[in-house]
Amino acid sequence: MNREIEEIQEDLLAKAAKAADELYNIRDTYFPADPNDKISKLQAESDLVLQTLNSIPPENRKLPIQRAMYEYLKGKVLDVFSDYRKDAEDHLSKAVKLNPSLGDAWLSLGNCIWKKGDLSAAKNCFMLALSKGPNKRILCQLSMLERKMAQDSLSTFQVLKNRQKLLKRALNMQGKLLLLMSGMEIPDNLGNACLTSFFVTGAWDHSKLLQSLKAYQNAERDETMKSSPDLYFNCATVNKYLENYERALTGFEAAALKDPGLNAMEEVEKIVHLLDKLESLLKGQTKAKRLASLASSLSTVNVNPSYIQVSVDRLAEGLNKGVAIVGKVLYFVKHQNVAPLYYLLCDANQICYVLSVYGIRDDVVKEGDQIILLSPYFHNVDFSWNGKIYQFKSVRVDFLEQMLVNGKALSHSQAVRASIYAQHKP
Numbered sequence: 000m001n002r003e004i005e006e007i008q009e010d011l012l013a014k015a016a017k018a019a020d021e022l023y024n025i026r027d028t029y030f031p032a033d034p035n036d037k038i039s040k041l042q043a044e045s046d047l048v049l050q051t052l053n054s055i056p057p058e059n060r061k062l063p064i065q066r067a068m069y070e071y072l073k074g075k076v077l078d079v080f081s082d083y084r085k086d087a088e089d090h091l092s093k094a095v096k097l098n099p100s101l102g103d104a105w106l107s108l109g110n111c112i113w114k115k116g117d118l119s120a121a122k123n124c125f126m127l128a129l130s131k132g133p134n135k136r137i138l139c140q141l142s143m144l145e146r147k148m149a150q151d152s153l154s155t156f157q158v159l160k161n162r163q164k165l166l167k168r169a170l171n172m173q174g175k176l177l178l179l180m181s182g183m184e185i186p187d188n189l190g191n192a193c194l195t196s197f198f199v200t201g202a203w204d205h206s207k208l209l210q211s212l213k214a215y216q217n218a219e220r221d222e223t224m225k226s227s228p229d230l231y232f233n234c235a236t237v238n239k240y241l242e243n244y245e246r247a248l249t250g251f252e253a254a255a256l257k258d259p260g261l262n263a264m265e266e267v268e269k270i271v272h273l274l275d276k277l278e279s280l281l282k283g284q285t286k287a288k289r290l291a292s293l294a295s296s297l298s299t300v301n302v303n304p305s306y307i308q309v310s311v312d313r314l315a316e317g318l319n320k321g322v323a324i325v326g327k328v329l330y331f332v333k334h335q336n337v338a339p340l341y342y343l344l345c346d347a348n349q350i351c352y353v354l355s356v357y358g359i360r361d362d363v364v365k366e367g368d369q370i371i372l373l374s375p376y377f378h379n380v381d382f383s384w385n386g387k388i389y390q391f392k393s394v395r396v397d398f399l400e401q402m403l404v405n406g407k408a409l410s411h412s413q414a415v416r417a418s419i420y421a422q423h424k425p
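Below you can see the structure in the form of structure tokens.
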């Protein structure tokens with residue numbers, strides 16, 4: 000008889016564990032237009048799981064291993080909400096004390112403490128969870144926490160290196176195909192790591208953006224990942240900095256539909272505002288009388304003989320190695336994003352173009368300055384959005400050595416690192 004009762008209690012724990020997993024699936028995939036609807040649904044579903052747990056008599060959860068599982072599930076259910084809950088931490092803390100080998104409880108406790116803002120304690124929990132055995136989910140959370148800690152770290156570059164090592168360990172646990180089929184967010188996290196690394200290392204390595212985009216595209220093939228608003232938001236962010244503006248706008252709109260709380264529509268408005276400003280300035284310059292006199296001063300500029308000097312209209316799409324262009328700064332274009340810096344320039348043929356620059360202070364280049372750009376990256380922007388056509392030539396440089404201002408190379412004291420990070424809600 001006692002054995003039958005034990006089996007019933009074990010069935011209730013298993014039922015509660017399955018319901019808790021379903022609860023988290025709702026959290027990760029349900030994004031109604033009104034965020035309050037999601038909170039209400041999570042509250043209702045969590046109450047049902049808690050009822051199942053509370054139906055287990057105390058005398059049937061006396062053993063430490065049973066009690067630990069009970070406390071773990073209760074804490075996990077209470078922690079499903081986006082804000083920090085002390086009662087969730089209390090239950091999860093009891094769980095790991097009763098059974099220190101319960102890796103999932105350490106993982107949940109780390110997530111809970113992360114919300115409180117104690118990143119060091121959260122990392123300690125993740126490391127303890129990882130010590131119980133290799134686990135992709137733990138590695139993913141630890142890598143995302145490393146990214147968060149990088150924002151305030153003096154050794155940011157090393158922290159990002161650690162993140163990438165963790166992600167490689169996760170990828171080595173299974174083949175890429177199995178990872179995509181498993182529902183884990185490793186491809187998404189790998190994209191986040193590359194995106195963050197791009198900015199932290201000085202925003203000079205263009206290949207990191209391409210690596211990030213590829214990782215996000217791989218993640219999109221997973222059916223469970225298609226419901227992730229963070230994935231759409233982060234992929235759109237990469238496309239924005241790759242100047243794939245149409246894809247960026249489409250991605251941010253998709254993210255906004257899935258989770259209005261991400262404020263993705265604000266990103267859409269920022270991009271449209273920037274594009275409208277660039278378009279307006281470019282059209283205004285075609286009528287400006289001063290353009291001819293400004294352009295004429297560039298005809299006598301000599302560049303390093305190891306580079307071939309060309310006009311902007313001779314640039315090829317993509318990276319133009321061994322090529323140099325000369326321009327005059329017409330305007331510094333103020334906008335709402337941290338990076339890049341945008342300038343409106345013209346060349347000796349009076350062809351106007353947009354220059355985007357990463358990694359320098361905003362007081363380095365001024366209106367009227369003469370600019371030499373070495374091995375520039377060129378993109379011909381040409382698309383329509385909401386009935387308006389945007390067409391302009393865009394040139395990008397990624398590091399100090401690519402730019403000379405008034406004939407002088409830039410010093411490292413004129414450099415700055417942008418602090419932009421991928422979107423993630425713990």
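For the sequence shown, numbering that gives the first Met the number 0 gives the first residue as 0, with consecutive numbering after it.
Where is the CB? At the ideal position from N, CA and C, for every residue including glycine.
Would you call R360 buried or exposed, if buried means 16 or more other Cβ atoms sit within 10 Å of its Cβ?
Here residue 360 corresponds to residue number 361 of the sequence shown, with the count starting at 1. With fewer than 16 other Cβ atoms within 10 Å, it is exposed.
Neighbourhood of V267 by C-beta distance below 8 Å, restricted to the same chain and skipping five residues each side
As a first step, residue 267 must be located in the sequence shown, where it is residue number 268. The answer, listed in chain order, is L248, F251, E252, A255.
Does the beta-carbon of D36 have 16 or more other beta-carbons within 10 angstroms, so that it is buried, or is it exposed?
Indexing the sequence shown from 1 puts residue 36 at position 37. Looking at its Cβ environment, which holds fewer than 16 other Cβ atoms inside 10 Å, D36 is exposed.
Compute the distance between the beta-carbons of L49 and Y69, then report whether it is under 8 Å.
Taking the first residue of the sequence shown as position 1, residue 49 is located at position 50. Taking the first residue of the sequence shown as position 1, residue 69 is located at position 70. For L49 and Y69, no; Cβs fall outside 8 Å.
Sequence-distant residues of its chain with Cβ nearer than 7 Å to V380 (five each side left out)
Taking the sequence shown and counting its residues from 1, one reaches residue 380 at position 381. Cβ within range, chain order: E242, Y244, Y389, Q390, F391, S393.
Which residues mark the beginning and the end of the beta strand (DSSP E) in which F391 is found?
Within the sequence shown, numbered from 1, the residue matching residue 391 stands at position 392. 387–396 is the extent of the beta strand (DSSP E) around F391.
Rounded distance between the beta-carbons of C111 and Y83, thought under 8 Å
Taking the sequence shown and counting its residues from 1, one reaches residue 83 at position 84. Taking the sequence shown and counting its residues from 1, one reaches residue 111 at position 112. Contact holds; Cβ gap of about 7 Å.
Quick check on Q42: does DSSP put it in helix, strand or coil?
The sequence position of residue 42 within the sequence shown is 43, counting from 1. The answer is helix: DSSP assigns Q42 an H, G or I state.
My parser needs the beta strand (DSSP E) runs of 3 or more residues fully inside the segment 305–352; what are they?
322–332, 340–345
Please go through the segment 233–257 and give each complete alpha helix (DSSP H) segment of 4 or more residues, from N-terminal end onward.
244–257
Could you check what DSSP says for Y376 in three-state terms: helix, strand or coil?
On the sequence shown, position 377 is the one that residue 376 refers to. Y376: strand per DSSP, three-state reduction.
Are the segment 367–378 and the segment 330–338 touching, with three or more C-beta to C-beta distances below 8 Å?
no
Could you round the C-beta distance between G109 and G132 to whole angstroms and report it? I think they count as a contact, below 8 Å.
Position 110 of the sequence shown, counted from the start, is the residue given in the question as residue 109. Position 133 of the sequence shown, counted from the start, is the residue given in the question as residue 132. Going by Cβ atoms, the distance from G109 to G132 rounds to 16 Å, so no, they are not a contact pair.
With 16 other Cβ atoms within 10 Å as the buried cut-off, status of H272:
In the sequence shown, counting from the first residue as 1, residue 272 sits at position 273. It is exposed - the Cβ of H272 has fewer than 16 other Cβ atoms within 10 Å.
Given a threshold of 16 other Cβ atoms within 10 Å of its Cβ, counted over all protein chains shown, does M126 qualify as buried or as exposed?
Residue numbering aside, residue 126 sits at position 127 when the sequence shown is read from its first letter. With fewer than 16 Cβ atoms within 10 Å of its Cβ, M126 is classed as exposed.
Please report the Cβ distance between F30 and D258, rounded to the nearest whole angstrom; I am assuming they are in contact, meaning their Cβ atoms lie under 8 Å.
Numbered from 1 along the sequence shown, position 31 holds the residue referred to as residue 30. Numbered from 1 along the sequence shown, position 259 holds the residue referred to as residue 258. With 8 Å as the limit, F30 and D258 qualify as a contact, their Cβ atoms being about 4 Å apart.
Note the first and the last residue of the continuous alpha helix (DSSP H) segment covering V76.
Working through the sequence shown from its first residue, we reach residue 76 at position 77. From DSSP, the alpha helix (DSSP H) with V76 extends over 63–77.
Distance, Cα to Cα, G386 vs E219?
Here residue 386 corresponds to residue number 387 of the sequence shown, with the count starting at 1. Here residue 219 corresponds to residue number 220 of the sequence shown, with the count starting at 1. About 28 Å.
Secondary structure of K407, DSSP reduced to three states
Stepping through the sequence shown from its first residue, residue 407 is reached at position 408. Correct three-state label for K407: strand.
Kindly indicate the opening and closing residues of the alpha helix (DSSP H) around I112.
Taking the sequence shown and counting its residues from 1, the one referred to as residue 112 is at position 113. Per DSSP, I112 belongs to the alpha helix (DSSP H) from 102–115.
Cα separation between K365 and E316?
Within the sequence shown, residue 365 is the residue found at index 366, counting from 1. Within the sequence shown, residue 316 is the residue found at index 317, counting from 1. Each residue's Cα considered, the two are about 27 Å apart.
As a quick exercise: from I64, N59, R60, D78, pick the residue whose alpha carbon is nearest that of D46.
Here residue 46 refers to the residue found at position 47 when the sequence shown is read from its first residue. The residue with the shortest Cα to Cα distance from D46 is D78.
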